[in-house]
Every structure is written in C-alpha cells, then in structure tokens.
Amino acid sequence: MSYVRRVAGGAIAALLAATVLAGCGTSASSDDGAKSSGPWSFVSGNGKTVKLDTTPKRIIASGAEAAALISFGIKPVGIYTNTKIKDDPNLKGLDLTGITILGETWGEIDVEKAAALKPDLIVADWWPAEKAYSGLESGVKASSKKLADLAPIVGVAQGDSIETLAQGYEKLAMSLGADVDDPKIAADKKAFETAKAAFKKAVAAKPGLSVLAVSPADDVLYLANPTYAPELLDFQRWGLDVINPDKPDKGFPYWENLSWENADKYQPDLLLIDDRSYASTLKQGEKQPTWNNIKAAKAKAYAPWPAYWMHTYGEYAKQLTQLTAAIEKADANLA
Amino acid sequence: MIDVVVSDRRTRRTRAGAVTGALALVAFALFILTMMVGSYYVPAWDVITSAFHLRDDPSVDFIVRDLRLPTATAALAVGFALGVSGLLFQKLLGNPLASPDFVGISSGASLFAVSAIILFGAGSTMISASALAGALISAILIYLLAWRDGISGYRFILIGIGLSEFMLSIIGYIVAHAELYEARQAMTWLVGTVGQAGSTELRTLLVALVVLVPAALVLQRPLRVLELGDDTAKALGARVEVSRLALIAVSIVLIGFATAVAGPIMFVALIAGPIAHRIVGHSGGGIIAAGLVGSIIVLGADLVAHHLLPVALPTGVITGIIGAPYLIWLLATVNREGRGG
Amino acid sequence: MTMLETPTPSRETAPRHRPGAGLAAGLVLLIGVLLVVCFFSITLGSRGVGVPTIWKAFTDFNPGSASETVIREMRVPRTLIGVLAGAALGLSGTILQGVTRNPLADPGIMGINAGAAAFIVFGIMILGVQDVIGYVWLAFAGAGVATVVVYGVASFGREGATPVKLALAGAAVTAVLSSLTSAIVMTNVDALNELRFWQVGSLAGRYMPVFWQTAPFIVVGLVVAMVTGRALNGLALGEDLALALGQRLRLTRFVMFATVAVLCGAATAACGPIVFVGLVVPHLARFICGPDYRWILPYALVLTPIVLLVADIIGRVVVSPGELQVGVVLGVFGAPAFIALVRYRNLAEL
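Listed below in structure tokens is the structure:
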C-alpha cells in the first residue's frame, strides 16, 4: 500500500485535475460504437495520447484499476497489486478466475509472466506528483519497471475527486468496448447517484455536524488534510463539514501529525477512521489513554473512511450509504 | 637450489592459473544457468545466443536480454567486487575477520544511500554516489579513530563495529520517520538483493571493475610484500605505503559501488578471499580468484533465493546463511589477537 | 585475562579498605538524582502541563481532563518503564561483563537484543502474537537463544571469548537475524509499519499495561542480579580460584546467563532493542567504585535508569514537537563512548 504516498499523487493532481480530466472527457475517440475494432486512442492521465491500430483486448491492470474495468464488464488478463489480493478493498468479492496474478507485493511484478500474456495495453492510475503510473514509481525493482516495455500504458490521473476518477475509468472502459446499456452497469451508476443524493440530504439535516478523518498510529495521531484526499473533497463539496487541520506537516502536508499528548486538539462530532485495516487502526487509537479525551471517540461515534482507494461507482455507492447512516446517527452537539 | 625454487614456483603458478580458469568456468556456468530459469525455462544455447547477440529471436530476447541479463550481470559484478574488496581488506589489515561488511563500511554506505533515498528522494545516480561517499567517509573515520601508533587489526574491527552500531541507529531513526512508502523503499534496499537497482548503478560498477581490478593487479606486488609483515614493508620504504593506501581506496570504491547496486549483501566479502586462498593454494590467493569466488557465491545464492525456495528471499539472507557457519569456524580458529590460524 | 582491570589480589582487597560510607553516600546522592530526573520526565513533553495540574492528577484525578490523563496515564508509565528497563539493561550488562570477563560484553553488541527482536517479529508474523505478554515470552526465548549462540560461538577455540570474537559473533548474528527479520517484514506493510517504530527502541507509546506485563519479570531478574555480586567477584579472580573458593561454576554461569536473558528479554519487549547503555554504564559504575561487584551492581542499578531517562528527555526536547527515540539518542551518544573504550584501554593485553 503506497497509499500514504499516493496522497502525494492526489496533491498536485488536485491542481491539474481540472485540465487533465477535461482532456479525458473528450478522450474516447472511437465514439462510433463500443464494438468497433478500428483505430483506438485515449488521452492518458499524463496528457499524452496513446494510439493503437485496434482496440486493445489483452489488458494488464493494477488492482484498483482492474476493479474499475471489471465493474464495466472488461476483464483484464493479468493484474498486479500492492498487497495480498484478499486484503485489497477494491478486489474484494470480485471473480478473478482466468486472471493471472503478476504480483501481490508493492514493487514486485513478474514481468516474465506478464510478457507471456502478450498484453496490448496496461492500465494504471497516473500520479502527477510522482510522475509515474501505479506500480512503476521510483523505488520499485528495476526488473518490475520493464513492464512498461510490454505495451503502452494508460490511466486516469488521480485528482481531487473520486467521482471524476470513476468517470475517467467509465470513459476508458467505454473506449475499450464496455456495454453501457448493460443493466448491471447502469444500476451501479444509478445507485451512486441515489447514494449521493441521500448523503447530501443527511448532511443538510444535521447542520453543525463536524467530521475529522484520522489515522491513529503507534506514535502519532495522523489527521487527514482534506485538500489532498479526493473523497474528503467530494464530501466537502456535498456539504459535509470535514475539518481542515490548521497545521499540516510542512514536509508532507497530507496530514497533520498530532502527538498523542495533544490528541484532544480538535473535537469533531464524528470520527472517520482510515479503513485500510480498519480494526487494527481503530485498536491503535483505542489503546491510547488520551483517545477518550476526544469526545467523538468517547461516544464511539466512528465511521470507516475509505481512504484514497475507491475507483468505482458501485463501491462509492456502498461507502456513501454506510457513511450516510453514520451521519444520521451522529449527534451534532456532543457534550 | 635456485632451480628447484623456480620450478616449484612455476608449478604453483600453473596450478593457480588452472584453478582460476576452473573458477571462471563455474562462474560462467552459473551466470548462464541463472538466465535459464525463471517463470519460463529457456535452454542454455538460446540463452547464450541471445545474451551475446549471436542471433535475434524475439521470443526469448525480451526475457533474456531485458529481464534476466541485467540481474545476472549484477550478481556477477557485485560478487566479483565484494570478493576483491574483501580480499584486499583482509590482506591489508592482516586479519581474516576484517571484512568490510562488519566493520562499518557497508553500514556507512547504507546510511548514506538510505538518507539519499528518504531525505533527498534521490535518483539512482545519486544513490550510487552517496553509497560510495558513505563507504569512503566511514572508512576514513574508522581509520582515524583506530590509529594509535599504527593500525592494529583488532582495534580497527572493534571501532568499526561500534561505528556500525552508530550508523544503524541513525538509519533506524530515518526509516522510522520516513513516509511508509519511502521507508519501504529503504527497507527493500537495506535487505540486499541483486536485480533491484537500475542500469546506471550497474554500469558504474562495471566501469569501476574494469578500471580498478587491473589497477589492483598492478598494485598486487607490494601487497605480497605486506604479507611479510609491516616491519619488512616499512623497510621497503614509502612506495609501499602509497600502494597500501591505493589498495584500500580500490577496496572501498568497489564495496561502495557494489552496495549501490545490490544493497548490503552480507558475508560475501568475508568468505570469498579465504575460500579462494584455500582453493588456489598458498602461492596465490589472487585477486581474480577471490573475485570469481565472490561471483559464484552471489550467483549461487541468487539462484537459491529466487528459484529453489518456495518463497523468494532476498539474496542477502542466503549469503548470510552460507556465511554464518564459516564465520563460526573462523572465530573458533582465530588466535588471541584475532588473527586466523 | 580478558577483564578490563586485571584483578590482582591487592586490588581485590582494596574495596574492603575503601570507606564504604563514601560509596553509600554516593549511592544515596544518585538516588536523589534519579528522582529529579523522574520529575523532569513527568513534567516535560509536547503538551505543556503546569505543576498544579500534575499535583491534581495524582491527588484528585479527573479522567475527563486531557492534561491529567497525559500525566497519569502516559508520562508516569513512560517514566516507570524507563526506570525498570534501564535497571534491567544496566544489570544485565554488568553481569555479562562479569561472567564473560569481557569488557565489551553488552546485550546490544552481543546480539541479544537482536535475538529478542527477531523472535518477537517472527511471533507477530508467523504465530500472530499481538499482546505484550506474548512479546515478553518470545523475547525471553530470543534473548536466551542469542546469548547461547553468540557466547557459544565466541568461546570456541583455545582463546575463549575474547572481546573481538564476542563482538564479531554478535555482529554476525545481528546481521543474519536482522536481514531475516526485514525479509519477513517486507511482505507485510502493516508489520513493516509497526516494526520500523519498534526496532529503534523507544519509551513512547508504552502505557500501564506494558508496565504491568513486564515489571514482574524485571523485578525478579533484578533481585536475582543484585545477589550475584559475590559470585561475580569470585569469577573475576579466575576459574581456578573461583573453584578453590567453592563456587559451582557451571550453575553460577547458568543462573547468570538466565538472568541476563530474562532482563534483556523483558526490557526489549517493553521498549524495543536499546544498545550501548548496558555497555557503558557498568564501566562508569566500575570507574566510580572500583572492581567490587557488590558496589558496581547497585551503582549500575541506579545509574542506568538515569542515563536512559536523560536520553529520553533529550529526545523529547531536541526535535520538539516531534520525538527522537531514546534508542537513537543512546546510539548517537553511546558509540563515541564505546570507541573511546576501545581506544584508550589496551584490550588485547587484558
């Protein structure tokens, strides 16, 4: 999980996203029908256009991106992930039969196996701050980077919104021949719209409710800076008061680092807790003596925060519904 | 009488040559074997024709040339550099335990490389340069701190170990305070694996080997004199002192670059020299033989680490497991000043 | 032969003539210093808390007050753990140096901490151990195995465990164990994240449960360690004399090594591997009170916690509001002390 750094990707993307995603919006050139096999092109997250003679069929994708494609009925031939497949929130419950696993550890991709799959496209998020695609960042094994020699890479740039990220993959999937009329796919998108409306309504019904996104660790309490967390920006856009910490770390502004001695600095009504290994993260917090000096923690007003990983409408709908329930239950005037 | 000595020396030299040749063959065989195995088997002949550009065959070229050749070359070169470096060190300090990987030189290289990765987000060239600088600085520090009317092997070793702990605690701090992402990059690097570094580091090491190994061979003559002991060496004048310093520099540059390519791979520098010495016989203990033994160990360890075990382990763990028993034996046989018997 | 100060009979009898009253007064003074250091350890931190609040935290504790919680449930346990772990490391270093008759014997240098650390990591990763009490037992096992291996390896051969051999054996074992540990940890990011904080050695984030779970072991270890003074004095005379004095060498050694493993293991389980403090402080104690272990032991018992807590406070102050782990501070200050020791004592002639 290089998600922690991933936020860095989101950071600058926040500034660039508008332009980049605008590019993506017009990127699917093959609008003459999804089934076409004619020349294919896509404007990738880094602004470069990838052109191919035929629509790619054999795709290798990074885990979350693969989940996004699968949600549109496009099945990659191979995937690689940062973590064990069973621990990857995006791949949970997906049918992966027939997909070759090329690596389950960050930085390690079995390029020999990948080569044997004869891919004609590689799909991975583009991280503007690192100027790299998922799995090919600096620091990964030199041999893993050879993946880029096998086929062109495209991906949507990580930006300031999960909604636009999902839209970007929707565009990519359509250009690759996704059947948008498939009732299942349409249902996912509709579920998202419904969940979004419900979320907005719940937020509007609780004026004054403040929320803080945290990731408790052994040595410090990390407070998420929404500026760099695309889903938190979405929530703010939809009216939720997500607290912006006033002293983000200078070198790494994605978080404010609070020593546990000062854990009571902010007093939100609801705590969003980093859901990448939710249980153990929550336990880290609960074992700190000052945890209970945060009134929301004392009242056990928690909800999981899908931190940085979502890519699909379906997943977003699920998470929003969960969060809406937590907001409805929350008390805007915790004593 | 003189005739006997000369002919004796000649037979020894012939033997040394033959054994060195045999070592080269083994190293080459392992080099090819490494490129044959992997997710897909490639026959030996195809490996050779592809790796040496004797024939173009797109079906194997990508796997052999792009994927396996850099790793195999890295193993070969790193092993060679470590072997040569260790041998020079041991000879110069007159102590088989004076291996650069324990006396703080590898940890110096590690500290600088890790700082480069984490504090400065350095690219590959910078990592190489930092590792080299770290090796040099820590060597100079140890040398200065251990100097007291000359250098004694045991004091050098103990101070090196102390300095090593010092550097390791700083590394611990840096890693603990890095972002997880970079901490992981640094940890991967710290375990030591061939094939993790890019082509720039590898090219730097190869150039260093091509330049420095012949240089070391030239300097080997005064080195032989050193074996007679410092008193004899002193009698031969300042020229010896110069070659001695030059050889230490060669040794440190090699270990610095090797560390830049593969991270700290333990024990190879310690065991390559003595093994070569044993195989080649007492006349030799030659630089080339030690380098080849180093290559064989690293290539072999890499094969075991990546292909024979159910879980792929870093190369450094395997060399550690090979090296530890040797060290135990060495410790058991050293005499009280820590000199090997 | 390998003792730092070769105990000739005349020097051995010297402590008896030394005014014990002076040493006793010194010890009382040091206890006073320790109390002062404890006070600062409780008052200093990233959250400013006034003395009245501290007083209230003890006399009229209100869990709703964050400041009082910080004092009572964070800084007090931290200080207590620092005192206990310091005492454990100091005494285990003293005993190791005495029993191996080796001035460079130290739980860190000898790889005993690394052994405990490696076992804990294996336990977390392979057995899924998650509680401190589990760590403690794993640490005992690891410390014990490492002690036996390192000392055993170093004692091979005619010369026995010389400083160089002991240090090298320790360095080698540490190298192998730490590369194995890292290799295992690399496959699991969460474990990596946990380990990288734990492996530097720190008193931060250690609260009352950790104290209660390690304290019994350390206290028992300390009690046993404190009564080894006479036996250590005997060992210092050399095997032959010790035998003549009626010591059962094998049993004595076993008890001492077991004590070292318990003390190091518990200290490592509580705060992670901490090097150098167990090496340097016994020398300091020896410098103050001469070669009689009946004085060295109590001095090490009080001095080591002082050094550990002062290092911890320095770590809290220098990079405020962040923290420098105590293991790092000790590594940085301990290494020069170690080097000085190697430089100015002619070890080969011991």
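Protein chains in written order, with my numbering: chain A, 1 to 335; chain B, 1 to 341; chain C, 1 to 350. For every residue, glycine included, the Cβ atom is placed at its ideal position computed from N, Cα and C.
| Check | Outcome |
| --- | --- |
| Assigned exposure category for aspartate 275 of chain A - 16 Cβ within 10 Å defines buried | buried |
| For asparagine 257 of chain A, the residue or residues it bridges with in DSSP | A:Tyr222 |
| Complete alpha helix (DSSP H) runs within the segment 224-295 of chain A (minimum length 4 residues, chain order) | 230-237 and 278-286 |
| CB contact below 9 Å: glutamate 137 of chain A versus chain C | no |
| is_contact[phenylalanine 276 of chain C, chain B] using C-beta, thresh 9 Å | yes |
| For proline 298 of chain C, three-class secondary structure by DSSP | helix |
| Range covered by the beta strand (DSSP E) that runs through isoleucine 122 of chain A | 121-123 |
| Spatial distance of isoleucine 184 of chain C from glycine 107 of chain A (CA atoms) | 15 Å |
| Cβ of glutamine 97 of chain C within 9 Å of any chain B Cβ | no |
| Any C-beta of chain C under 9 Å from that of arginine 336 of chain B | Residue confidence is low: arginine 336 of chain B scores 45 on pLDDT, short of 50, so the model does not pin down where it sits. Its coordinate-derived value is still stated next. By this cut-off, arginine 336 of chain B is an interface position. |
| Alanine 224 of chain A beta carbon less than 9 Å from that of glycine 365 of chain A | No statement about residue 365 of chain A is possible, as the shown extent of chain A runs from 1 to 335 and does not include it. |
| Proximal residues of chain B, C-beta to C-beta of glycine 327 of chain C below 9 Å | Ser169, Gly172 and Tyr173 |
| Contact with chain B by glycine 107 of chain A, beta-carbon distance below 9 Å | yes |
| Residue burial classification, isoleucine 140 of chain B (beta-carbon count within 10 angstroms, cutoff 16) | exposed |
| CB contact below 9 Å: serine 46 of chain C versus chain B | no |
| Members of the segment 136-161 of chain B that neighbour chain C once the beta carbon cut-off is set at 7 Å | Leu145, Arg148, Tyr154, Arg155, Ile157, Leu158, Ile159 and Ile161 |
| Anticipated Cβ contact below 8 Å, valine 148 of chain C with alanine 169 of chain C, distance rounded | Actually they do not touch by this definition, with Cβ atoms about 11 Å apart. |
| Residue from B:Ser164, B:Ser110 and B:Met167 whose Cα sits closest to the Cα of isoleucine 265 of chain B | B:Ser110 |
| Closest by C-alpha distance to leucine 284 of chain C, when choosing among C:Cys38, C:Ala21 and C:Gly90 | C:Gly90 |
| Neighbour-count burial assignment, glutamate 65 of chain A, 16 or more Cβ in a 10 Å radius | buried |
| Where glutamate 346 of chain A sits in the DSSP three-state scheme | Outside the shown range of chain A (1 to 335) lies residue 346 of chain A, about which nothing can therefore be said. |
| Threonine 193 of chain B versus A:His311, A:Gly63, A:Thr100 and A:Ser143, residue with shortest Cα-Cα distance | A:Ser143 |
| Leucine 136 of chain A versus valine 302 of chain C: straight-line alpha-carbon distance, rounded | 53 Å |
| Buried or exposed (CB count within 10 angstroms, at least 16 for buried), leucine 29 of chain C | exposed |
| Proximity of glycine 26 of chain C and isoleucine 288 of chain C at Cβ, strictly below 9 Å | yes |
| Backbone secondary structure at glycine 195 of chain B - three-state DSSP | coil |
| Alpha-carbon spacing of valine 253 of chain B relative to serine 99 of chain B, whole angstroms | 14 Å |
| Beta-carbon contacts of glycine 322 of chain C that lie in its chain and below 7 Å, excluding the five residues immediately before and after | none |
| Spatial neighbours of alanine 114 of chain C in its chain, beta-carbon cut-off 7 Å, leaving aside the 5 residues before and after | Ala146, Val173, Thr174, Leu177, Ser178 and Pro273 |
| Chain-ordered residues of the segment 262-289 of chain C with a beta carbon less than 9 Å from chain A | none |
| Interface residues of the segment 31-63 of chain B facing chain A [CB-CB below 8 Å] | Gly38, Ser39, Tyr40, Phe62 and Ile63 |
| Test: proline 314 of chain B CB closer than 9 Å to a CB of chain C | yes |
| Selected residue, minimal CA-CA separation from alanine 57 of chain C, among C:Tyr299, C:Ala161 and C:Val70 | C:Val70 |
| Chain A within 9 Å of arginine 184 of chain B, Cβ atoms only | yes |
| Chain-ordered chain C contacts of valine 191 of chain B [CB-CB under 8 Å] | Ser179, Ser182, Ala183 and Met186 |
| Of the residues A:Thr49, A:Gly73, A:Gly239 and A:Ala116, the one placed nearest isoleucine 63 of chain B, counting alpha carbons only | A:Ala116 |
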